[in-house]
Structures are given as C-alpha cells and as structure tokens.
Amino acid sequence: MIIPVRPNKTLTGADHVVKNVGGADKTIRILLGVLLLSLFYFPDGYWKLLGLSSLPFFITGFTQRCGINKLLGRNTCRIR
7 MIIPVRPNKT LTGADHVVKN VGGADKTIRI LLGVLLLSLF YFPDGYWKLL
57 GLSSLPFFIT GFTQRCGINK LLGRNTCRIR
C-alpha cells in the first residue's frame, strides 16, 4: 500500500514504522519465547497450545516492533 504524503514524496507501509523494543526488553522477549516454545515440543496435551503463545514474543523480539508498546506510548529502544 502506498500512502501519498506530498505530491513528490510517498511512503510505503514499512517506512513509518518505528522500532520500540530494545535492550533488556528485547532479550526478555526472546528468552520467554524460547521457554514457551519448549512447552510446544516436550509436554503432551494442552500445554502445546501454551507453546504456540511463543510466536508473538519471537516476532516482537526479533523485529523490535510491538503494537501494544505503541498503543501505550512506550519505547525501550534507544535508537529512534
């Protein structure tokens, strides 16, 4: 999707997204993702469903973008 800003300049969807996850927050998200992912592989039963909850932690940790942080106005990334 192309968003017109000025007649001579356009922004694509990824140009206006700012990183808002960094430092310890990023590390905790990735480690929590690894911990929850182990629940998907090792125990049996409904614990596997809890293991699927690791995906948002991995995605937000590796991309350094979190929609909830954006809604709350939080930014733990030092580079802006």
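Residue numbering for the sequence shown follows this note's numbering, beginning at 7 and increasing consecutively. Where a beta carbon is used, it is the ideal one built from N, C-alpha and C, also for glycine.
Classification of residue i by the beta-carbon crowding that lies within 10 angstroms, buried from 16 upward
| i | result |
| --- | --- |
| residue 66 | buried |
| residue 42 | buried |
| residue 76 | exposed |
| residue 50 | exposed |
Three-state secondary structure assigned by DSSP to residue i
| i | result |
| --- | --- |
| residue 25 | coil |
| residue 59 | coil |
| residue 82 | coil |
Run of the alpha helix (DSSP H) containing residue i, from where it starts to where it stops
| i | result |
| --- | --- |
| residue 52 | Premise fails: residue 52 is in no alpha helix (DSSP H) and is neither H nor E. |
| residue 44 | 30-47 |
| residue 73 | 73-78 |
Nearest candidate by alpha-carbon position, reference residue i, set the options
| i | options | result |
| --- | --- | --- |
| residue 58 | 45, 72 and 23 | 45 |
| residue 27 | 79, 72 and 47 | 72 |
Cβ-heavy atom distance, residue i to the ligand SAH, below 7 Å
| i | result |
| --- | --- |
| residue 65 | No copy of the ligand SAH appears in this structure; indeed no ligand is present at all. |
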